[in-house]
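Residues in the sequence shown are numbered consecutively from 1, following full-length UniProt numbering.
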Amino acid sequence: MAEDPSTSLEAVDIVIIVLHFVIVFSVGLFVSWRSGNKNTTSGYFLAGRDMSWWLVGLSLYVSNIGSSSFIGLASSAAASGYAVIAYEFHGIFCLLLLGFVFVPVYFSSGITTVPEYLKKRFGGERLQVGISVINLFLLVLASLSAEMYAGSIIIREALGWNIYLSTIVLLALTAIYTVAGGLKAVIVTDALQTVVMVTGAFILMGIAINEIGGLDNLRLDYMTAIPNTTAKYGNTSCGIPTSDAFHIFRDASASNPNDLPWPGVLMGIFLLSAWYFCTNQVIVQRTLASTNLSHAKAGCILAGFCKILPFFLMIIPGMISRALWPDEVGCVDPDVCEEICGNPNGCSNIAYPRLLVYLMPAGLKGLMLAAMLAALMSSLTSIFNSASSMFVIDIWLKIRPSSTELELVIAGKFCTLILVVVSVLWLPVIEAFGSGELFVYIQSISSYFSPTMFALYTSAILSERINEPGAFYGLICGFIIGLSRAICDVIFGVPGCGQVDDRPAIVKNFHYLHFACFLYAAALFFTIAISLITQPIESSKLIRLTWWTKGNQLPRKPMSEEEEKKDIENEAIKAEKMKELAQKAAARTSFLGKSWNFLCNIDTTIDEKPPLSEKEKMELDKKLTSIEENPLVKKIVAWNGVLLFGVGVFLFAFYG
């Protein structure tokens, strides 16, 4: 491939790629320099809560659409058609659920991270720490590994560079401006990269459609895109496109993980999407950075409309790639697949990169490659920043409760650097992973763990009767059930097409989407049952922590008077430490000293203002937890939400 001049990068492509990274890197550092409150956890992790709706919406969209989406959605579309778009269409409804149900409660509770909500809602520490550990586990195992694997495919197919060196450089650049700027730098660069990514994807879509002579030819070309090695298999379905390729809803009895049965599409995918959009720190953190509740809702609506784009930017191109290269993208022979893409289980993952490499002309090829790398960087920055938020707020503060704001920010940045190292060390594991379809791997892992967490949050927000024992043991029971299924998949594996499936019936016939529904119901049952046989939480301690009490302006009693007293003492200690650190920072007058202050966001100004009185604290808390909206703006946003809901229903009906 590297010797083919049509697939080689020319000077103009390299210039475009370099310019792209220079611009993104410069914007990140500029925003870092201009951020006035980035040495506080609110400033670093929540962008000072002054992000406009359009920035929040674009950031939500681009954080969700990374390289794994380009590779994964196009791969599954190449292998089995329209069905995988259900994940994107469900995202429309789940973004509405986030903006109109979950965010109002998150705002009124005054949280910084999603697991922090559990601390305020239930008290204690074990639940908050437990959910954070599971989330960090999922971020590394599913999100981070998927992005890195997708990035390696792009680099291998399009650049021909050494995967490890290229990825290390990319991760280093990503980490630098993430570490330097916090969430505001991430959100602003997300908006910039959205333009690059969508523009390049639209151009490639147009070229691909033109290559097959128009969309009218896609159905025939795709249905006849059969690799020439299928004759060697007795099972003639191997490598042959399914008859339901142009429909979302499939046979309910489908147990093959590469296919999507319609009950799983309706409920299972909704649960996975709802967990991702409503309780995943990577996504929720964007809405928490909104100026107010109306901006958060509007940002969710904008992101929801953007969820229509993947059908045209990823699904259609993926199917076109299968039609253009049936022997390569649709290969089923392990030996042939190994030679083509290095994966004996199938090569559908190369569907999108192959379009980029073979169809894009010079200059545009560099633009699209920049877009793909931009998506990778955006997802990585989201993971790095959100993981550091959870580590600092939900774990580090338990170890060092008297930490200063500066110490918390530095600890978060250290976590980011550790994730960079883990990412590089994870590359050999990703290379050895034998999934035929990347998206199947991502969703399978999510199905075994995320429904339990979504059951916890939905019950906590919608029911005042749920208490800490019910929430904790419901989480543990659900985690054990999900882990058991994951272990079964590892032990028995998933046979490829044409291979005998000798797995136990409970594994073979239990599709991961159906399992997700079962797991959600089981976790919900344990949570409710245990809560009902244990003592309820006082109503005065649940003010502004549930959907039904979110607008209550009465003072909320702390879950524990002792914990409240410790928090007050720690705040006083932190204030004194911050003053000492500011004095030391101001004494650094050398270039290296000032550079250190800039990189760590250390404020050299000494705040001599007296501490806030109890009345002032109450007024500030009221402002930060306000969910008041301008009546006219609220009505406009609501009607746009209704419009988006109708669009989602239409899309399922039209393509179902």
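Cβ coordinates follow ideal geometry from the N, Cα and C atoms, glycine included.
Buried or exposed: which applies to residue i, given that a residue is buried once 16 or more other Cβ atoms fall within 10 Å of its Cβ?
i           : result
Val-195     : exposed
Ala-228     : Note that residue 228 corresponds to Asn in the displayed sequence, not to Ala. Label assigned to Asn-228: exposed.
Ile-506     : exposed
Ile-636     : exposed
Thr-381     : buried
Thr-527     : buried
Arg-556     : buried
Gly-434     : Model confidence at Gly-434 stands at a pLDDT of 48, short of 50, so the residue's coordinates are unreliable; what they give is reported in the following sentence. Exposed, since its Cβ has fewer than 16 Cβ neighbours within 10 Å.
residue 723 : Because the chain is modelled from 1 through 656, residue 723 falls outside the range shown and cannot be assessed.
Glu-147     : buried
Ile-316     : buried
Phe-654     : exposed
Phe-391     : buried
Lys-38      : Per-residue confidence for Lys-38 stands at a pLDDT of 48, beneath the threshold of 50, marking its modelled position as unreliable; the derived number appears in the next sentence. It counts as buried.
Arg-465     : exposed
residue 719 : This structure does not reach residue 719, given that the chain is present from 1 up to 656, and the question cannot be answered.
Trp-275     : buried
Lys-297     : buried
Arg-126     : exposed
Gly-646     : exposed
Gln-535     : exposed
Thr-41      : With a pLDDT of 48 at Thr-41, under the threshold of 50, the predicted position of this residue should be treated as unreliable, though the coordinate-derived value follows. That one is buried.
Ala-55      : Note that residue 55 is Leu in the sequence shown, not Ala. Result: buried.
Thr-287     : buried
Given 7 Å as the limit, tell me if residue i has its C-beta closer than that to any heavy atom belonging to the ligand MN.
i       : result
Val-140 : Because no ligand of any kind appears in the structure shown, any question about the ligand MN cannot be addressed here.
My understanding is that residue i touches residue j, with C-beta atoms under 8 Å, so please give their C-beta distance in whole angstroms.
i       : j       : result
Cys-94  : Ser-273 : 4 Å
Ala-351 : Ser-321 : 4 Å
Ser-69  : Met-314 : 7 Å
Pro-353 : Glu-157 : 4 Å
Lys-319 : Gly-200 : One point to set straight first is that residue 319 is Met, not Lys, in the sequence displayed. Between Gly-200 and Met-319 the Cβ distance is about 19 Å, and since that is not below 8 Å, they are no contact.
Phe-107 : Leu-293 : 6 Å
Ile-481 : Ala-522 : 6 Å
Ser-388 : Gly-366 : Wrong, their Cβ atoms sit about 32 Å apart, outside the cutoff.
Ala-323 : Leu-218 : 7 Å
Gly-81  : Pro-261 : The Cβ separation is near 14 Å, so there is no contact.
Thr-625 : Arg-544 : 6 Å
Gly-72  : Ile-301 : Actually they are not in contact, since the Cβ atoms of Gly-72 and Ile-301 sit about 25 Å apart, beyond 8 Å.
Using only alpha-carbon positions, find the residue among the options that is nearest to residue i.
i       : options                            : result
Ser-63  : Pro-504, Met-377, Glu-629, Leu-364 : Met-377
Ser-152 : Leu-373, Lys-365, His-295, Gly-99  : Leu-373
Ser-109 : Gln-553, Ala-653, Tyr-655          : Gln-553
Phe-282 : Ile-350, Gly-239, Leu-138, Ala-653 : Sequence inspection shows Val at residue 282; the Phe mentioned does not correspond to that position. For Val-282, the nearest C-alpha among the options comes from Leu-138.
Phe-270 : Ile-636, Gln-443, Leu-643          : Gln-443
Asn-210 : Ser-388, Leu-643, Thr-381, Leu-355 : Leu-355
Ile-131 : Arg-156, Asn-280, Ser-59, Gly-304  : Asn-280
Leu-266 : Leu-141, His-90, Asp-259, Leu-369  : His-90
Met-559 : Gly-551, Ile-537, Lys-550, Leu-55  : Ile-537
Trp-547 : Val-18, Pro-104, Ala-78            : Pro-104
Leu-438 : Asn-343, Val-101, Ser-531, Ile-418 : Asn-343
Ala-541 : Lys-550, Thr-534, Ile-533          : Before going further, note that residue 541 is Lys rather than Ala in the sequence given. Per the Cα distances, Lys-550.
Leu-136 : Asp-13, Ile-301, Ser-243, Val-422  : Val-422
Gly-239 : Ile-226, His-247, Leu-58, Ala-245  : Ile-226
Leu-144 : Glu-468, Glu-628, Tyr-441, Ala-529 : Tyr-441
Ile-533 : Val-198, Gly-470, Ile-487, Cys-517 : Gly-470
His-295 : Gly-641, Met-205, Phe-652          : Gly-641
Ser-447 : His-511, Ile-393, Leu-456, Val-409 : His-511
Asp-221 : Val-198, Ala-245, Phe-102, Leu-204 : Ala-245
Ser-76  : Glu-10, Ser-52, Gly-213, Asn-349   : Asn-349
Looking at the strands, I want to know which residues DSSP matches up with residue i.
i       : result
Met-51  : Ser-290
Arg-250 : Pro-261
Beta-carbon of residue i versus every beta-carbon of chain D: anything under 8 Å?
i       : result
Thr-242 : The structure shown contains no chain D; it holds only a single protein chain.
Inter-stretch contact (C-beta, 8 Å, three-pair minimum) for the region 116-134 and the region 442-462: Verdict: yes, contact present.
Stretch-stretch touch, CB-based, cutoff 8 Å, three pairs: the region 336-346 with the region 299-309: The region 336-346, when compared against the region 299-309, does not touch it at the 8 Å Cβ threshold.
Cβ pair count under 8 Å reaching 3, the region 107-119 against the region 310-330: Between the region 107-119 and the region 310-330, the count of C-beta pairs closer than 8 Å stays below three; the two stretches do not touch.
Touching by the beta-carbon criterion (3+ pairs, under 8 Å), the region 447-458 and the region 467-476: With a cut-off of 8 Å, the region 467-476 and the region 447-458 count as touching, because enough Cβ pairs lie within range.
Meets three-Cβ-pair contact criterion under 8 Å: the region 242-254 and the region 358-365: Result no; under three Cβ-Cβ pairs closer than 8 Å.
Meets three-Cβ-pair contact criterion under 8 Å: the region 78-87 and the region 390-401: Flag = no, the region 78-87 and the region 390-401 do not touch.
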